[in-house]
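Residue numbers (our numbering), protein chains in the order written: chain X, 3 to 194; chain R, 119 to 294.
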């Protein structure tokens, strides 16, 4: 379909489901609870209503997502978002890449890193710390993963300790999961 | 919009989290790596949540069209495709009569399982190449919307677990 966005962009697209989202008025208590955890303010969108077809998994994903991306201390939030961007690019999820680019930009108050990685991908011109984080995220996202000792040494070289690296592993791995259902179940399209 | 919890979201209510144990620590060797214990302790909650996720994805109370043994076999298949043999063996131990599906060389018997295996293989290995046709092929063999979501969730979760194990192993091996 011609309105599907295929290039990485900072503008957060709309998301169009490929399957019929569940009817929120006809949900089981387990589904309703999963949605109330994922969207506590009742703002369930099409993707959430689709994921409610598998409510036990949705109920497990939500607190894990929060714990990994917003957990206190450890790796700074911007680096976690950069890992999410690297994973989303590797996995081809334009929607997730845009969403987390937006968050990264807000956290660092600068579009330069996002502009570089969207334009040049693996060849982006980045500072040493962003370079090490972005490369690790891309390499761990590959299937099979190809992150290695050298990637870890590069992270240590720019000052990351074990806890920071574990946070980077977690945020990258989280998007192996999140990217796949987002990219598989729908398309990014121009926002109306 | 898609499913991305908002900035500064509150952590929602969760089921009781078990003690800081998770299968990935065992399978990766990180659980016994000297020097790594303090780091793992600081992330005990998310590691426990990752184990709860495995329980929810592989052994849900309502398994729909994919029984627990089939799920275990499919999990082993994704782990094997990613060369994570210890993780694959962990899942395969619960696959019972469906163990053959855990072998990536096995293409399955019958249109439904053949389509499911083909879908899972692409989702695991080449997610960026997927498009609406991958979903259509599952519809075509009569797989319901709910079972498509369940299957996608299974492949997506395993892709997470594989990388968690790989990353933990790298950390364990990098201990001085």
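Yeah, the Cβ is synthetic: ideal placement off N, Cα and C, and Gly gets one too.
Computed from a predicted model, the values in this text were never measured in an experiment.
Do you know how far the Cα of residue j is from the Cα of residue i?
| i | j | result |
| --- | --- | --- |
| residue 135 of chain R | residue 66 of chain X | A caution first: residue 135 of chain R carries a pLDDT of 44, below 50, which makes its placement in the model unreliable, though a value can still be read off. Cα-Cα distance, rounded: 12 Å. |
| residue 185 of chain R | residue 160 of chain X | 46 Å |
| residue 290 of chain R | residue 167 of chain X | 11 Å |
| residue 119 of chain R | residue 54 of chain X | Its pLDDT being 32, under 50, residue 119 of chain R is placed unreliably by the model, and the measurement read from it follows with that caveat. If you take the alpha carbons of residue 119 of chain R and residue 54 of chain X, they lie about 15 Å apart. |
| residue 21 of chain X | residue 181 of chain R | 19 Å |
| residue 267 of chain X | residue 62 of chain X | With chain X covering only 3 through 194, there is no way to say anything about residue 267 of chain X. |
| residue 271 of chain R | residue 278 of chain R | 11 Å |
| residue 35 of chain X | residue 24 of chain X | 14 Å |
| residue 213 of chain R | residue 183 of chain X | 24 Å |
| residue 128 of chain X | residue 115 of chain X | 7 Å |
| residue 58 of chain X | residue 175 of chain R | 7 Å |
| residue 165 of chain R | residue 99 of chain X | 25 Å |
| residue 129 of chain R | residue 167 of chain R | Its pLDDT being 42, under 50, residue 129 of chain R is placed unreliably in this model, and the coordinates cannot settle the point. |
Which residue comes first and which comes last in the beta strand (DSSP E) that contains residue i?
| i | result |
| --- | --- |
| residue 190 of chain X | 188-191 |
Please state whether DSSP places residue i in a helix, a strand or coil.
| i | result |
| --- | --- |
| residue 184 of chain R | coil |
| residue 19 of chain X | strand |
| residue 160 of chain X | coil |
| residue 54 of chain X | coil |
| residue 113 of chain X | coil |
| residue 202 of chain R | coil |
| residue 173 of chain R | helix |
| residue 251 of chain R | helix |
| residue 145 of chain X | coil |
| residue 245 of chain R | helix |
| residue 1 of chain X | In this structure chain X extends from 3 to 194, so residue 1 of chain X is not present and cannot be described. |
| residue 179 of chain R | coil |
Which residues does DSSP list as the beta-bridge partners of residue i?
| i | result |
| --- | --- |
| residue 6 of chain X | X:191 |
Over the uninterrupted alpha helix (DSSP H) stretch that includes residue i, give me the two end residues.
| i | result |
| --- | --- |
| residue 104 of chain X | 96-110 |
| residue 38 of chain X | 31-40 |
| residue 224 of chain R | Element bounds for residue 224 of chain R: n/a, residue is neither H nor E. |
| residue 100 of chain R | No answer is possible for residue 100 of chain R: the residues shown for chain R start at 119 and end at 294. |
| residue 286 of chain R | 263-291 |
| residue 148 of chain R | Segment: none, residue 148 of chain R is in no alpha helix (DSSP H) and carries neither H nor E. |
| residue 87 of chain X | 79-93 |
Proximal residues, the region 109-136 of chain X versus chain A, C-beta separation under 8 Å: Although the question refers to chain A, the structure presented lacks it and instead comprises the protein chains X and R.
Are three or more beta carbon pairs between the region 136-153 of chain X and the region 221-241 of chain R nearer than 8 Å? no
Between the region 127-137 of chain X and the region 36-43 of chain X, are three or more C-beta pairs nearer than 8 Å? no
Is it true that the region 146-162 of chain X meets the region 254-264 of chain R, where meeting means three or more beta-carbon pairs spaced less than 8 Å apart? No, they do not touch.
Under 8 Å: do the region 199-215 of chain R and the region 136-156 of chain R share three or more Cβ pairs, one atom per stretch? yes
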